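To convert a position in the sequence shown, counted from 1, into the numbering used here, add 239. A virtual CB, placed ideally from N, CA and C, is assigned to each residue, including glycine. Quick caveat, the model's predicted, so the values are computed rather than measured.
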Amino acid sequence: MMEYNEKLRHLSDLQIQEVIRKYEDKKYKLADIIEEYSIDVKPKGFYNILPLQVMEEKCEYCSCNLVKKRENRSGYYYKNENIYCENCGHTIISCNWRNEKCYCEGCKEKEISLLNERRALIEEYYGGNSVRFEFDKLPLKYQIALYNAMITNENHNTHVLAAMQKPTIDLIKDYNMMLENNLILVSPESSINAFDEDEFPRKVNISLATFDINVDFTDEIVTALNDKKYFSIPEYRVEEKVDIWRELIYRDVLDKFKTMLEERDLELHISEKADEKFRELLMEVSYTKLITICYRVATKLSDRVITGEMNRRFAVNTAYTNVTSYFRKAEEEGWIINDSKYEYAGEKLKTFIRDVLGKNYSILKEIASADSLNYRDKWEDDDPHIIMKF
Ligand SMILES: [Zn+2]
Ligand SMILES: [Zn+2]
240 MMEYNEKLRH
250 LSDLQIQEVI
260 RKYEDKKYKL
270 ADIIEEYSID
280 VKPKGFYNIL
290 PLQVMEEKCE
300 YCSCNLVKKR
310 ENRSGYYYKN
320 ENIYCENCGH
330 TIISCNWRNE
340 KCYCEGCKEK
350 EISLLNERRA
360 LIEEYYGGNS
370 VRFEFDKLPL
380 KYQIALYNAM
390 ITNENHNTHV
400 LAAMQKPTID
410 LIKDYNMMLE
420 NNLILVSPES
430 SINAFDEDEF
440 PRKVNISLAT
450 FDINVDFTDE
460 IVTALNDKKY
470 FSIPEYRVEE
480 KVDIWRELIY
490 RDVLDKFKTM
500 LEERDLELHI
510 SEKADEKFRE
520 LLMEVSYTKL
530 ITICYRVATK
540 LSDRVITGEM
550 NRRFAVNTAY
560 TNVTSYFRKA
570 EEEGWIINDS
580 KYEYAGEKLK
590 TFIRDVLGKN
600 YSILKEIASA
610 DSLNYRDKWE
620 DDDPHIIMKF
């Protein structure tokens with residue numbers, strides 16, 4: 240049974256019910272209620288001596304009835320009072336836009352046991368053993384992805400990748416590729432919020448999780464990687480190097496071509512056929528010349544659209560094919576295609592050239608091929624004829 244405030248104790252239960260009913264009905268003046276029931280309180284303090292409202296709902300921890308403060312008749316705004324347990328303090332927060340939570344003993348214990356349950360599920364799902372790989376047996380593209388992940392990771396070791404500090408699209412792609420191939424494994428030690436609530440624990444937020452590196456490194460490999468000498472040995476994985484080099488050029492050029500078109504209010508449409516032809520072009524033309532060609536094509540198309548010679552849709556649809564046809568035409572006509580500045584190459588391409596090929600960026604003036612890798616320092620760092628702005 241609830242204890243009433245001492246200022247109400249001279250009243251019977253029935254009278255107290257009346258007092259409450261009259262308080263809630265604004266047609267009764269506060270001063271009149273106080274006088275009628277001889278309550279020794281100022282109208283200002285009246286609200287505070289009102290008995291709490293007892294709810295039907297019971298506390299989930301101690302089974303007492305939950306209570307709630309009555310609505311204040313002089314409140315300027317409607318305040319959604321919390322429902323709580325007078326015995327253990329458990330509180331049901333009614334209007335939780337501030338994301339508050341209850342810190343009663345019951346809730347604290349419940350949270351801990353929920354966390355333990357989740358940790359056990361994570362351990363069960365991710366704690367198993369997996370066949371380990373040896374670093375030097377991996378394809379070059381996996382080696383490079385792992386190397387990039389390790390050097391950009393704050394852990395600086397070959398065992399565990401800490402949660403990403405600067406997740407980039409590129410890094411996330413690499414992590415996904417490594418995950419799919421079991422080179423890295425979601426660590427059961429990952430922060431609990433790395434696991435998706437709805438698809439727990441299967442779905443993981445890749446930028447919040449930590450990963451165990453499922454690859455073994457010998458001391459010699461670690462030393463060579465640290466000294467940036469592992470990949471740059473000229474004979475090392477030449478064919479794979481060239482493939483990755485071409486792929487990086489492909490992505491970099493397309494990315495820049497897209498920007499050039501967008502700056503001219505055009506777009507890049509990639510059809511399968513044009514893409515195939517463009518990839519063939521990578522075997523015949525250097526990065527710096529490809530950029531020049533893209534620049535010419537973007538400018539030419541945009542000029543034609545502006546002068547009304549060509550409609551925009553046609554320009555958009557043919558832009559990509561035009562890169563190849565411009566080069567073929569140049570070959571036929573004997574046009575000279577100047578080299579653009581290689582300094583504008585993207586970071587990923589540059590890092591690859593520096594750390595994996597062990598070359599100067601000026602190698603971008605060469606066609607990506609095994610032959611080009613054998614030339615040494617024949618490129619002069621002269622000023623290019625065309626200065627590009629992105
Ligand atoms: Zn309780
Ligand atoms: Zn609680």
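CA-to-CA distance, residue j to residue i, given in whole angstroms
| i | j | result |
| --- | --- | --- |
| R476 | E373 | 16 Å |
| E393 | A384 | 16 Å |
| A270 | P282 | 6 Å |
| D354 | C298 | Note that residue 354 is Leu in the sequence shown here, rather than Asp. Their backbone Cα atoms lie some 22 Å apart in a straight line. |
| I545 | I602 | 37 Å |
| C303 | L447 | 41 Å |
| K580 | S564 | 22 Å |
| T557 | D542 | 14 Å |
| H329 | Y323 | 6 Å |
| K568 | N550 | 22 Å |
| E419 | E511 | 26 Å |
| P378 | E478 | 11 Å |
| F456 | I408 | 27 Å |
| D482 | L520 | 14 Å |
| D458 | E486 | 31 Å |
| Q404 | I411 | 12 Å |
| E474 | L540 | 43 Å |
| E515 | V562 | 12 Å |
| E263 | P406 | 57 Å |
| A513 | M417 | 30 Å |
| E202 | V293 | A query on residue 202 cannot be resolved here, the shown segment of the chain reaching from 240 to 629 and no further. |
| I592 | L400 | 25 Å |
Cβ-based neighbour list, residue i, same chain, cut-off 6 Å, excluding 5 preceding and 5 following
| i | result |
| --- | --- |
| V555 | L505, E506, H508 |
| Y286 | N311 |
| E296 | L305 |
Beta carbon proximity, residue i to chain C, threshold 7 Å
| i | result |
| --- | --- |
| L289 | No chain C is present in this structure, which holds just one protein chain. |
heavy atom of ligand 4 below 6 Å from residue i C-beta
| i | result |
| --- | --- |
| N321 | Ligands in the displayed structure: ligand 1 and ligand 2; ligand 4 is not one of them. |
Exposed unless 16 or more other CB atoms sit within 10 angstroms - verdict on residue i
| i | result |
| --- | --- |
| P440 | buried |
| I472 | exposed |
| W484 | buried |
| F553 | exposed |
| A402 | buried |
| N613 | exposed |
| Y535 | Just to set this straight, residue 535 is Arg in the shown sequence, not Tyr. Looking at its Cβ environment, which holds 16 or more other Cβ atoms inside 10 Å, R535 is buried. |
| Y342 | exposed |
| L464 | buried |
| E370 | Note on identity: in this sequence residue 370 is Val, with Glu being the wrong assignment. Answer is exposed; the Cβ neighbour count stays below 16. |
Beta-carbon contacts of residue i that lie in its chain and below 7 Å, excluding the five residues immediately before and after
| i | result |
| --- | --- |
| V595 | I383, F470, S471, K480 |
| E344 | C327 |
| E523 | I606 |
| S611 | I602, E605 |
| I460 | F374, D375, Y469 |
Close Cβ partners of residue i (< 8 Å) along its chain, the five nearest in sequence each way excluded
| i | result |
| --- | --- |
| I711 | There is no way to answer for residue 711, as the model of the chain reaches only from 240 to 629. |
| L291 | M241, V306, K307, K308, R309, E325 |
Is the region 335–344 touching the region 354–374 in the sense that three or more CB pairs, one from each, lie closer than 8 Å? no
Closer than 8 Å is the cut-off here; do at least three beta carbon pairs connect the region 349–360 with the region 449–460? no
Should the region 585–598 be regarded as contacting the region 490–497, the criterion being three or more beta carbon pairs within less than 8 Å? yes
Mind pulling the alpha helix (DSSP H) runs of 4 or more residues that sit fully within the region 435–504? 458–465, 477–502
Segment contact, 8 Å Cβ cut-off, at least three pairs: the region 431–440 with the region 492–503: no
May I have a chain-ordered list of the alpha helix (DSSP H) segments no shorter than 4 residues that lie completely inside the region 265–340? 269–275, 282–288
Segments assigned beta strand (DSSP E), at least 3 residues, entirely inside the region 522–593: none
Taking only runs that begin and end inside the region 371–448, name each unbroken alpha helix (DSSP H) of 4 or more residues, in chain order. 379–390, 408–419
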